[in-house]
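S.K.:
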Amino acid sequence: MILASQVWTQIFWTSVIAGGLLAGLPLMFTALGETISERAGVLNIGLEGMMLCGAYCGFLGAYYGGNQWIGYLAGIAAGALASLVMVVLCVWLGLDQIVVGIAITLAGEGITSVLYQTRFSGSQPRLGNVATAPIPLLDRIPLIGKAVNGQTPLFSQPLVVYLGLAFAIGLTWVFRRTNVGLNLRAAGEKPEALDAAGVSVVATRSYAVLATGALAGLGGAYLAIAGTGGFQPFLTQGQGYMAIVIAMLARGRPLAVVAFSLMFGIALSLSTLLQIAGINLSTEIVNMLPFAAIIVALIVFARRAYLPPALALPYVRGAR
Amino acid sequence: MSESAVTAAPARRSVSLRVQKVADVVIRSIVPVVLALVAGGIVLLALGRHPLGFYGNIWTGGVQGSAWQDSAIRMAPFLLIAAGLTLIFRANIWNLGYNGQFLLSAAVVSGYGPRLVEHVPLWLAFVLLFLAAGAVGALWTLVPAVLKAWYGTNEIITTLMMSFIGIDIASLLIKGPFHDPTTPLPQTAVVPLEKMLPPIPGTRIHVGLLVAVAAILVVHFVLTRTSWGLRLQIMGANPRAARHFGIDLKRLIVVSFLGSGCLVGLAACADIMGLWGYIRTGWDPAYGDTIIPFVFLARLNALAVIPFIAFFAVLSTGGDLAAQQANLPTDFIYVLVGLILLFMTVIEYLGRQRSLGTSYLPPGLRQALRGPRGFFRKKAAA
Chain Y
0 MILASQVWTQ
10 IFWTSVIAGG
20 LLAGLPLMFT
30 ALGETISERA
40 GVLNIGLEGM
50 MLCGAYCGFL
60 GAYYGGNQWI
70 GYLAGIAAGA
80 LASLVMVVLC
90 VWLGLDQIVV
100 GIAITLAGEG
110 ITSVLYQTRF
120 SGSQPRLGNV
130 ATAPIPLLDR
140 IPLIGKAVNG
150 QTPLFSQPLV
160 VYLGLAFAIG
170 LTWVFRRTNV
180 GLNLRAAGEK
190 PEALDAAGVS
200 VVATRSYAVL
210 ATGALAGLGG
220 AYLAIAGTGG
230 FQPFLTQGQG
240 YMAIVIAMLA
250 RGRPLAVVAF
260 SLMFGIALSL
270 STLLQIAGIN
280 LSTEIVNMLP
290 FAAIIVALIV
300 FARRAYLPPA
310 LALPYVRGAR
Chain D
0 MSESAVTAAP
10 ARRSVSLRVQ
20 KVADVVIRSI
30 VPVVLALVAG
40 GIVLLALGRH
50 PLGFYGNIWT
60 GGVQGSAWQD
70 SAIRMAPFLL
80 IAAGLTLIFR
90 ANIWNLGYNG
100 QFLLSAAVVS
110 GYGPRLVEHV
120 PLWLAFVLLF
130 LAAGAVGALW
140 TLVPAVLKAW
150 YGTNEIITTL
160 MMSFIGIDIA
170 SLLIKGPFHD
180 PTTPLPQTAV
190 VPLEKMLPPI
200 PGTRIHVGLL
210 VAVAAILVVH
220 FVLTRTSWGL
230 RLQIMGANPR
240 AARHFGIDLK
250 RLIVVSFLGS
260 GCLVGLAACA
270 DIMGLWGYIR
280 TGWDPAYGDT
290 IIPFVFLARL
300 NALAVIPFIA
310 FFAVLSTGGD
320 LAAQQANLPT
330 DFIYVLVGLI
340 LLFMTVIEYL
350 GRQRSLGTSY
360 LPPGLRQALR
370 GPRGFFRKKA
380 AA
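Chains as they are written, first to last, in numbering that gives the first Met the number 0: chain Y, 0 to 319; chain D, 0 to 381.
#1: Give the single residue among Y/Leu267, Y/Ile293, Y/Ile294, Y/Ala292 whose Cα lies nearest to the Cα of Y/Ser281.
#2: To the nearest whole angstrom, what separates the beta carbons of D/Gln186 and D/Ile271, a pair I think is in contact under 8 Å?
#3: State yes or no: is the beta carbon of D/Phe170 nearer than 8 Å to at least one beta carbon in chain Y?
#4: Whole angstroms are fine: how far does the CA of D/Gly55 sit from the CA of D/Ser13?
#5: Can you find a CB in chain Y that lies within less than 8 Å of the CB of D/Tyr348?
#6: Could you name the residues that DSSP lists as bridge partners for D/Arg279?
#7: Among Y/Pro25, Y/Gly226, Y/Glu33, which has the Cα closest to the Cα of Y/Thr250?
#8: Tell me the DSSP bridge mates of D/His178?
#9: Restricting to runs no shorter than 4 residues, where is the alpha helix (DSSP H) found entirely within the region 186–247 of chain D?
#10: Determine whether the Cβ of Y/Ala291 lies closer than 8 Å to any Cβ atom of chain D.
#11: Just to make sure I have the definition right: I need the residues of chain Y whose C-beta is within less than 9 Å of the C-beta of D/Gly337. Which are they?
#12: Cβ of D/Asp23 within 8 Å of Cβ of D/Gly337?
#13: Output, in chain order, the set of chain D residues within a Cβ distance shorter than 7 Å of Y/Tyr240.
#14: Which of helix, strand or coil does DSSP assign to Y/Gln156?
#15: Looking at D/Ser170 and D/Val135, is the spacing between their C-beta atoms short of 8 Å?
#16: Which chain Y residues sit within Cβ distance under 7 Å of D/Phe163?
#17: Can you grab the Cα-Cα spacing for the pair D/His219 / D/Thr152, in whole Å?
#18: With distance defined between alpha-carbon atoms, name the residue in D/Ser109, D/Val210, D/Gly133, D/Leu84 nearest to D/Val189.
#19: Could you check which residue in D/Trp67, D/Asn98, D/His118, D/Met343 has the C-alpha nearest to that of D/Ile166?
#20: Going straight from the alpha carbon of Y/Val168 to that of Y/Pro25, what length do you get?
#21: Does any CB atom of chain D fall closer than 8 Å to the CB of Y/Leu88?
#22: Pop quiz: D/Ala321 and D/Ile72 are said to be a contact at Cβ under 8 Å. What is the actual Cβ separation, rounded to whole angstroms?
#23: Residue range of the alpha helix (DSSP H) that D/Leu78 falls in?
#24: Can at least three beta-carbon pairs, one atom from the region 236–246 of chain Y and one from the region 78–90 of chain Y, be found at a separation below 8 Å?
#25: Got a sec? Which residues, its chain only, sit under 6 Å from Y/Pro190 by beta carbon, not counting five neighbours each side?
#26: Return the CA-CA distance between Y/Leu94 and Y/Val173, expressed in angstroms with no decimal places.
#27: Pair every Cβ in the region 36–54 of chain D with every Cβ in the region 286–306 of chain D, then say whether three or more of these pairs are closer than 8 Å.
#28: For D/Ser41, does the count of other Cβ atoms within 10 angstroms reach 16, so buried, or fall short, so exposed?
#29: Listing by chain order, which chain A residues have their CB less than 7 Å from the CB of D/Ile291?
#30: Taking any Cβ of chain D, which residues in the region 66–99 of chain Y have a Cβ under 8 Å from it, in chain order?
#31: Out of D/Met160, D/Ala148, D/Pro180, which one is the CA nearest neighbour of D/Leu95?
#32: Among the residues of its own chain, which have a CB less than 7 Å from the CB of D/Gly39, if the five just before and after it don't count?
#33: What does Y/Ile265 reach in chain D if we use C-beta pairs closer than 9 Å?
#34: Going by beta-carbon coordinates alone, are D/Ser255 and D/Leu86 separated by less than 8 Å?
#35: Closest to Y/Ile243 by C-alpha separation, out of D/Leu248, D/Ile155, D/Cys261, D/Phe163, would be which residue?
#36: Pair every Cβ in the region 72–79 of chain Y with every Cβ in the region 200–217 of chain Y, then say whether three or more of these pairs are closer than 8 Å.
Structure below.
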């Protein structure tokens, strides 16, 4: 049955990858943010809330501003603003990162749902289609360059997709080759050493958490603007937690984050695709697949997800 | 005369110390709630709603008349989940997979419940269902527990993933083997009203609440009065020291995980057999998300959880009515709970600084805030 169906056509695989990109990009942005913050020693459980703030403000910006870029900027600002709470409470005052993270998630879920439903529950406005930027030459490749089933063609994605992929590559370089990256890693591995070297641990971690919030906000905004074309309460549906899982599995490597995000994105978009291809696999089973795969991998390889030693520990100078 | 003064002074001091300590705990627990209600009131004002009217409606819908009984009914699953979370958080292990454990147990209970109550004596059916729910909840923590115990795999990842899987499996079960054939809706058969958990005489509150209170008492006893509880706390405080003492960490991790999952499963059974009677796909109350703050407010003390959960039950029961009256979504409760958590951590911090007798600002920040003069001087020196 499977062999006879349309699974093996090129069209199907093109739309798998395009769908994976669309669904995986919010995860990628958010997980890259979590990577930065985890490297710096701050475990950010509040991603879900920050994503939702970014998604709602991104939607507002794109709806009233009439431009996707205004939306993305609004999303970034909202995410950073939400993460400011974490900067003050966790980095400056050294409070429990997990408790504060859960608080941010709860408050973010609540406030975005309340604001959206008080203002838009009657109208539920939709955003227009996002302008795409085709890559010259590549978009003319026959078969894989074409639009399929109304999906955006593979080589003609919104500009922010390319920017995101470029950012991931840039982040790898920052981590490996620059002082900033070294400082970030030291803040997570051995903050005392960073302090002794004359660099402020608090400042390093503050910037890292702000960057995380901005990226989570961008991820949320992308989800609202390009992904679903509108906002709904609880739009993210646990994607913030998925991003934490991706960041931990990727062990701090940005390119691995990209790969895992695409894998999760493909899994998220697979159920609709399989229906298009004529296979009726229940949504639940398809949704389960990525999680089940990771659990099985963890059982079989018993691999430890890498975590910096100083993760989730507040830094107090001179304390042991 | 001077002798009596000498002997009396320490006694008086210890009494006043104890009073001070109790007052301290009460202040640290109540103040965040009050601050959160005030901040929530400001949010309400910003939304153009009347805060006092909103909170008044919470009182009307959650306490007044016989509404307190509705709140008490909600307390049953809340308390059981709180017991499970208290147990595992004491070990400093993060079981964040409670939603999957809860829904899977709920699916099993509502799948077998309607048939079981028809075929065996009612009391036996309840016992069997509670046991089954507890077993399912415990089973669903087994993989994270074993991975954590043997390989040190981060349990936040594994419990969250098992939770997502559990929710999907619950949905599959409801659509598949447990589906009620008489309806096209994706839901299970309904337990007849007269075969649900019986009410406590004189009230509408089902006996699930008694089960929950008993579970809280048992957890409190185990944590504070048994050597197992002490071992659990040592592990939570310092796993290395625990291993040094010769504590079998692996077994302790697995058992505490199973216990936590079991209590969450019991919560599902109390909720389904006491209140709902059936389950539908897509139903995920996510009780645990909002209960975590109160477990922390109670400082992981199982007995202290009871008043906080009572408060939250009133808040959520009355909040439904208040939100409806104010034409707000019920998700506003999430805002309040989030604010409570935030203020709690801040008050906790201030209290700690105060008892240490140090400044309220951490040294790094104090230095940074010392003003531009110091900052420039440092630069000039360099």
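Note that beta-carbon positions come from the ideal geometry of N, C-alpha and C, so glycine has one too. Note that the structure is predicted; figures quoted are calculated from it, not measured.
M.R.: Put simply:
#1: Nearest C-alpha to Y/Ser281: Y/Leu267.
#2: About 12 Å; that fails the 8 Å criterion.
#3: It should be pointed out that residue 170 of chain D corresponds to Ser in this sequence rather than to Phe. Taking Cβ atoms only, chain Y reaches closer than 8 Å to D/Ser170, which makes this a yes.
#4: Whole-angstrom Cα-Cα distance: 41 Å.
#5: Closer than 8 Å to some Cβ of chain Y, the Cβ of D/Tyr348 qualifies, so yes.
#6: Per DSSP, the beta bridge partners of D/Arg279 are D/Gln186.
#7: Position check: residue 250 of chain Y holds Arg in this sequence, whereas Thr was assumed. Minimum Cα distance to Y/Arg250 is reached at Y/Glu33.
#8: Answer is D/Thr187, bridged to D/His178.
#9: 207–224, 226–236, 238–243
#10: yes
#11: Gly48, Ile101, Ala102, Ile103, Thr104, Leu105, Ala106, Gly107, Glu108, Gly109, Ile110
#12: No.
#13: Leu159
#14: strand
#15: no
#16: Gly237, Phe290
#17: 28 Å
#18: D/Ser109
#19: D/Asn98
#20: A quick correction: the sequence has Ile, not Val, at residue 168 of chain Y. Approximately 17 Å, taken between the alpha carbons.
#21: yes
#22: Incorrect: roughly 18 Å between the Cβ atoms, too far for contact.
#23: 66–89
#24: no
#25: Val200, Ala309, Tyr314
#26: 29 Å
#27: No, the region 36–54 of chain D does not touch the region 286–306 of chain D.
#28: A quick correction: the sequence has Ile, not Ser, at residue 41 of chain D. Exposed: under 16 other Cβ atoms inside 10 Å.
#29: The chain inventory of the structure shown lacks chain A, comprising the protein chains Y and D.
#30: Val84, Leu88, Trp91, Leu92, Gly93, Leu94, Asp95, Ile97, Val98, Val99
#31: Per the Cα distances, D/Met160.
#32: Val334, Leu335, Leu338
#33: Going along chain D, no residue has its Cβ under 9 Å from Y/Ile265, so there is no contact; the nearest lies around 16 Å.
#34: yes
#35: The candidate whose alpha carbon is nearest that of Y/Ile243 is D/Ile155.
#36: Between the region 72–79 of chain Y and the region 200–217 of chain Y, the count of C-beta pairs closer than 8 Å reaches three or more; the two stretches touch.
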